[in-house]
Amino acid sequence: MLRDFGAKLDPVVTVFLTLSDFLRAHAQMLAVMTLLGVLLSWMVLRQEATHRALVSSVSRWPGIRRFFSFYRTGLFCRNLGLLLRSGVTLTETLRILADIMAATGSISAWTAAADRVRHGGKLSDALLAAEALPPMAVRMLRLGEETGQLRCWPAVWLTSTKPSSSAVLTASSA
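Under numbering that gives the first Met the number 0, the letters of the sequence shown match residues 0 to 173, in that order.
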């Protein structure tokens, strides 16, 4: 309507009017292209390697890195304690955990730690060398190893280090 009167339009308004005309003229083609894009993305993301690579790259973003670290640590400690209390050997537990932790990113750190323990190393030293867990979690696991109560310490760490939501928000904004 504004164009019909020959009025001089603001450049921003002109861009939006032109964009609107384009979208109305090519609506069916854009709908088909969007549907194909969604289907292709769904097919690609169903592949485990692609999904793992995407999660690994997202977990390194500055605002998200800390939350993924908490998630990985909680997942590892919870499953470590569960498997050890169920009577699964440490080497078998670490093999299972490496498979579980592969879904949260890179599997190399977890397999390196499992290999080091399988060859006679201490779990805490292996995790520290692989930089797979935060130092505090490694210290708690070392304490469990030294006291002979490793199967109890992952649960203790989880209950003693749950960050409050304000602490996490403060730490992530720093």
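We treat Cβ as the ideally placed atom computed from N, Cα and C, and that holds for glycine.
Quick one: what's got a C-beta closer than 7 Å to Leu-96's C-beta in the same chain, skipping five residues either side?
So the qualifying residues of the chain are Phe-75, Asn-78, Leu-79 and Trp-109.
On the CB-based measure, 16 or more other CB atoms within 10 Å of its CB, does Thr-17 come out buried or exposed?
Counting Cβ neighbours within 10 Å, Thr-17 comes out exposed, since fewer than 16 surround it.
Note the first and the last residue of the continuous alpha helix (DSSP H) segment covering Gly-73.
It spans 64-84 - the alpha helix (DSSP H) in which Gly-73 sits, taken as one unbroken run.
Go ahead and label Met-139 buried or exposed: buried means 16 or more other beta carbons lie within 10 angstroms of its beta carbon, across all protein chains shown.
The residue in question, Met-139, is buried, as its Cβ has 16 or more Cβ neighbours within 10 Å.
Quick check: the Cα distance between Pro-10 and Phe-21, rounded to an integer number of angstroms?
Going by the C-alpha atoms only, they are around 16 Å apart.
Would the stretch 140-148 and the stretch 114-129 be scored as touching if the rule is three or more Cβ pairs under 8 Å?
Enough Cβ pairs lie closer than 8 Å, so yes.
Using DSSP with H/G/I as helix, E/B as strand and the rest coil, what is Asp-9?
Asp-9: coil per DSSP, three-state reduction.
Give the DSSP-derived three-state secondary structure of His-25 in the structure shown.
In the three-state DSSP reduction, His-25 falls in the coil class, being neither helix nor strand.
Please report the distance separating the alpha-carbon of Arg-23 from that of Phe-15.
Their backbone Cα atoms lie some 12 Å apart in a straight line.
Quick one: what does DSSP say Ile-106 is sitting in, helix, strand or coil?
It is coil, neither helix nor strand.
Nearest candidate by alpha-carbon position, reference Arg-71, set Met-32, Val-31 and Ile-99
Nearest to Arg-71 by alpha-carbon distance, out of Met-32, Val-31 and Ile-99, is Ile-99.
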